[in-house]
Structure formats: structure tokens, C-alpha cells
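Engineer:
In the numbering used here, the protein residues as written are 40 to 194.
In C-alpha cells, the structure reads:
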């Protein structure tokens, strides 16, 4: 009976060690994911900060007003809108990355997706921005945006 008890204790101990190793592997994986997400967020913040240096905060509101009013934009105003959308899509790209990795919930991503759809529907400069800068975004985000555009074209 004593050997059976000792065998049972060894089985329980081995199982506990395996469970601990699995738990540790999961924790390390989650830590790595968070570290990558933090690095990506920092890079994105730096990109946005740099791109914002191209924006003229006096021109953007007027250009957006003219766009919504159906007025013709100057070349400079149009370029400002394109750069503004480039920044927006940098943020969307990062949001999609966070969503794919379980760091942004589905509801938040769907808000972004809705904004992207609305922008493509109502702002011709979004298409111009995408044509000019689309290849600069992550491949997975490029595919997602292509699917959004495809859905819009089918409607």
C-alpha cells in the first residue's frame, strides 16, 4: 500500500510540475505579446508625431469644412487632407494590430472599421491617400482595407 501511495504522490507531483510549466509558458507568451504591442505602439506614436509636423492646424479645419460643403479645395488643402488621413490610417493600422492580438476588443475594432468605411464613402481624398500610401501599412491591414473597399464596391 505504501508503494501505491508513493506512486500516486509522484504522479500528482509530476502533473503539478507540468501544469506549472504550461502556466509559465503561457505567461511568457503573454509578456512577449505585450512587449511587442508596446514597441509597436511607441513606433506608431513616433510616426504620428512626425507626420503631424506636415499638418497645418490652421488649414485642416477650413479644408474639412470646404470638403463637407462641396467646395473646391486648393492643392495645398487637398494635400493637408491626404496627410491628415494618412495619420488616421496609421492609427487604424495600429488598432487593427492590437485587435488581431487580442489587445483591443471586437467592439472597438468595429468602431474603427465603421469610421474607415465612412471615410471611403464620403471623402475622395481618403482614396487618394490610400492609392499613394497604402503600401506603407501592414500587410494584414492592407488586406482588411481592401476587403472594406470591396464591400463598398459591391453595394
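Backbone N, C-alpha and C define an ideal beta-carbon position, used for all residues, glycine too.
1) Report the residue from 147, 157, 159 and 135 whose alpha carbon sits nearest the alpha carbon of residue 79.
2) Residue 131 and residue 99 look like a contact to me (Cβ under 8 Å); what is the Cβ gap, rounded to whole Å?
3) Alpha carbon to alpha carbon, how far is residue 174 from residue 164?
4) At what residues does the alpha helix (DSSP H) containing residue 170 begin and finish?
5) What is the residue span of the alpha helix (DSSP H) that residue 93 lies within?
6) May I ask you to report which of helix, strand or coil DSSP gives residue 134?
7) Output the distance between the C-alpha atoms of residue 170 and residue 150, rounded to the nearest integer angstrom.
8) Could you give the first and the last residue of the continuous alpha helix (DSSP H) run that contains residue 191?
9) Any contact of the stretch 52-72 with the stretch 111-128, i.e. 3+ C-beta pairs under 8 Å?
10) Is DSSP giving residue 42 helix, strand or coil here?
11) Under 8 Å, do residue 106 and residue 162 count as touching if we go by C-beta distance?
12) Have a look at residue 182 and residue 189 and give me their C-alpha separation to the nearest angstrom.
13) In or out: residue 67 buried (at least 16 other Cβ within 10 Å) or exposed?
14) Rounded to whole angstroms, what's the CA-CA distance from residue 168 to residue 160? Just pull it up for me.
Structural biologist: If we stick to the structure as given:
1) 135
2) Actually they do not touch by this definition, with Cβ atoms about 18 Å apart.
3) 16 Å
4) 163-172
5) Run containing residue 93: none; DSSP gives neither H nor E here.
6) helix
7) 23 Å
8) 178-193
9) no
10) helix
11) yes
12) 10 Å
13) exposed
14) 14 Å
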